[in-house]
Amino acid sequence: MRKALEGDRRAYAACLQLLVPRMRAMASRDLPAQHAHLAEDVVQEALLSIHLKRGSWDPERPLLPWVRVIVKHKAIDALRKTPNAPHDPVEDHVGLDAPAVDPLAGLHIEQALARLSARDAALVREHAIGGADPETLSKDFDLSPGALRVALHRALRRLAEAARKEEEWTPMS
Numbered sequence: 012m013r014k015a016l017e018g019d020r021r022a023y024a025a026c027l028q029l030l031v032p033r034m035r036a037m038a039s040r041d042l043p044a045q046h047a048h049l050a051e052d053v054v055q056e057a058l059l060s061i062h063l064k065r066g067s068w069d070p071e072r073p074l075l076p077w078v079r080v081i082v083k084h085k086a087i088d089a090l091r092k093t094p095n096a097p098h099d100p101v102e103d104h105v106g107l108d109a110p111a112v113d114p115l116a117g118l119h120i121e122q123a124l125a126r127l128s129a130r131d132a133a134l135v136r137e138h139a140i141g142g143a144d145p146e147t148l149s150k151d152f153d154l155s156p157g158a159l160r161v162a163l164h165r166a167l168r169r170l171a172e173a174a175r176k177e178e179e180w181t182p183m184s
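Under the working numbering, think of the first position of the sequence shown as 12, with each following residue one higher.
What follows is the structure, encoded as structure tokens:
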């Protein structure tokens, strides 16, 4: 996937070929037996999501956990769309702790984005919060697809660094 993010189409195809059987197994484990027929739909939805959001994957981290979360969420989405599907609260899934609802979350996000340049903040806001697709972002920011991936990766890295610094800083009592 690292090579794919650099524009290597063959590496991207090879990566997806290796991922599909693993994703199929993940989807099969995530779905109840009576809904096993949805596994291929889950894989297809996950592949589409991976394709559209591949620029958000951090090449410094392992790929499979990132893929695992996508497949898990797509399986949950598929079950929600299925009539008479069993109620399966997301909190019950191992490894997916439901975040506590923080009424100040939006404020925290805006405070974090304020630490970025105006361009980086706008890019992260449109991509991560607004869900804009890469084509739209490329046009809006007048960037090639490769330059967009680099700019987004750097902006997200700066945001993560700012968040780490914020967590490390503790006020004196």
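For glycine and all other residues, C-beta sits at the position ideal for the given N, C-alpha and C.
Residue i: buried (16+ other C-beta within 10 angstroms of its C-beta) or exposed?
i: residue 168; result: exposed
i: residue 85; result: buried
i: residue 63; result: exposed
i: residue 153; result: exposed
i: residue 129; result: exposed
i: residue 170; result: buried
i: residue 29; result: exposed
How close, in whole Å, do the beta carbons of residue i and residue j come, if the pair is a contact with beta carbons under 8 Å?
i: residue 138; j: residue 148; result: 6 Å
i: residue 82; j: residue 38; result: 6 Å
i: residue 65; j: residue 16; result: 7 Å
i: residue 22; j: residue 14; result: 4 Å
In the structure shown, what three-state DSSP assignment does residue i receive?
i: residue 155; result: coil
i: residue 33; result: helix
i: residue 113; result: Because residue 113 sits at a pLDDT of 45, beneath the cut-off of 50, its placement in the model cannot be relied upon, and the following sentence gives the value as read from the coordinates. It is coil, neither helix nor strand.
i: residue 71; result: coil
i: residue 108; result: Residue confidence is low: residue 108 scores 46 on pLDDT, short of 50, so the model does not pin down where it sits. Its coordinate-derived value is still stated next. In this structure, residue 108 counts as coil in the three-state DSSP scheme.
i: residue 144; result: coil
i: residue 90; result: helix
i: residue 76; result: helix
At a cut-off of 7 Å, is residue i close to the ligand SAH when judged by its beta-carbon and the heavy atoms of the ligand?
i: residue 168; result: The ligand SAH is not part of this structure, which contains no ligands at all.
Roughly how many whole angstroms lie between the Cα atoms of residue i and residue j?
i: residue 26; j: residue 57; result: 14 Å
i: residue 40; j: residue 51; result: 12 Å
i: residue 172; j: residue 48; result: 43 Å
i: residue 44; j: residue 92; result: 16 Å
i: residue 155; j: residue 144; result: 13 Å
i: residue 141; j: residue 36; result: 31 Å
i: residue 166; j: residue 19; result: 23 Å
i: residue 90; j: residue 53; result: 10 Å
i: residue 160; j: residue 122; result: 24 Å
i: residue 78; j: residue 136; result: 23 Å
i: residue 88; j: residue 42; result: 11 Å
i: residue 68; j: residue 126; result: 22 Å
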